[in-house]
Amino acid sequence: MSGGIKSVFVDERLREIEPKALDFVLNFAHDNNLQLVEACILPDEGTPV
């Protein structure tokens with residue numbers, strides 16, 4: 001959950017590692033009318049990188 005909203009986060013690097021897996025996730029979201037949002041998640045302040 002992110003901010004009380006059920007969410008799934010997929011790292012863009014999946015495209016390089018296993019393109020068919022990313023296609024599956026994107027097609028699943030599309031077929032089920034799920035909202036897709038491209039985002040950049042930054043670490044919280046004080047969190048070591």
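By UniProt numbering, the letter at position 37 of the sequence shown is numbered 37, and the numbering carries on one by one without gaps. Built from N, CA and C at the ideal position, the CB exists for glycine as well.
According to DSSP, residue i sits in a beta bridge with which residue or residues?
i	result
I17	In the DSSP output, where bridge partners are listed per residue, I17 has none listed.
Could you tell me the alpha carbon to alpha carbon distance between residue i and residue j, rounded to whole angstroms?
i	j	result
L12	L42	In the sequence under discussion, the amino acid at residue 12 is Glu, which differs from the Leu named in the question. Roughly 14 angstroms separates the two Cα atoms.
L14	A39	15 angstroms
residue 50	H30	There is no way to answer for residue 50, as the model of the chain reaches only from 1 to 49.
D44	V8	19 angstroms
A21	F28	10 angstroms
L36	I17	21 angstroms
D23	N32	14 angstroms
Put residue i into one of helix, strand or coil per three-state DSSP.
i	result
N27	helix
L22	helix
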